[in-house]
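For what it's worth, the working numbering labels the leading residue of the sequence shown as 1, then goes sequentially.
Virtual Cβ for every residue (Gly too), placed ideally from N, Cα, C.
Since the model is a prediction, treat every value here as computed from it, not as a measurement.
This report concerns only the one structure given below.
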Amino acid sequence: MSMTHYMELLAVNQPWNLILFMAIPVILAETVAISELFILFKRPGSSALRMINKTASIIGGIYFLGVFIYLLNNAVIPLTTSGQWRGPADVIAVGFYLAGIIPLMGMALLDLNLIGKKRDEEAKLKLHATFVAIFLVVAHIAMIFGMLDPALLMTTPSAHVMPQHSVH
1 MSMTHYMELL AVNQPWNLIL FMAIPVILAE TVAISELFIL FKRPGSSALR
51 MINKTASIIG GIYFLGVFIY LLNNAVIPLT TSGQWRGPAD VIAVGFYLAG
101 IIPLMGMALL DLNLIGKKRD EEAKLKLHAT FVAIFLVVAH IAMIFGMLDP
151 ALLMTTPSAH VMPQHSVH
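Structure below.
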């Protein structure tokens, strides 16, 4: 069974790629997600919990920006220019993984007060929670398609030809 570039990236150079491309971003994002739930339920909430949430959010966004730039230059552009994608599942997995930059940087920019400056705390909290939800969706889509055998979504010309039956 062949694997997507997403899974190959995580499988090679063990354990470093798994740590750098999966563990660190997921631990930071899950820290944000879990602390976000407590913050939403315990408003106004603990300042220590808000600081953990904000710190993980900012570090996660900036860290993933580095991952995004690295993979764009060292994987996406070379795979695209050389035509080496392994089908739709491969493109979906990598694309959704990299799409995580949008919510992660959104949270970081919000917590750095670079966006949403005119929003009140309630509106910022809702936007932050929305970014968390978006990240969870894109990350899970990336994981699901990343674990697929890329051949499953590939079509071949013979797959569209109806078999001919002889009539006697």
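The beta carbon of Ile59 sits closer than 7 Å to those of Leu28, all from its chain and outside the five residues before and after it, given in chain order. When Gly61, Gly66, Leu65, Thr31 are compared, the shortest CA-CA separation from Leu49 is found for Thr31.
Minimum Cα-Cα distance from Leu109 among the listed residues Ile62, Val94, Glu122 corresponds to Ile62. Residue state for Ser47 is assigned as helix, using DSSP reduced to three classes.
Taking 8 Å as the upper bound for CB-CB distance, Val138 and Tyr6 are not in contact here, some 13 Å apart.
In this chain, the alpha helix (DSSP H) harbouring Ile27 covers 24-41. DSSP, reduced to helix, strand and coil, places Pro103 within a helical segment of the structure shown.
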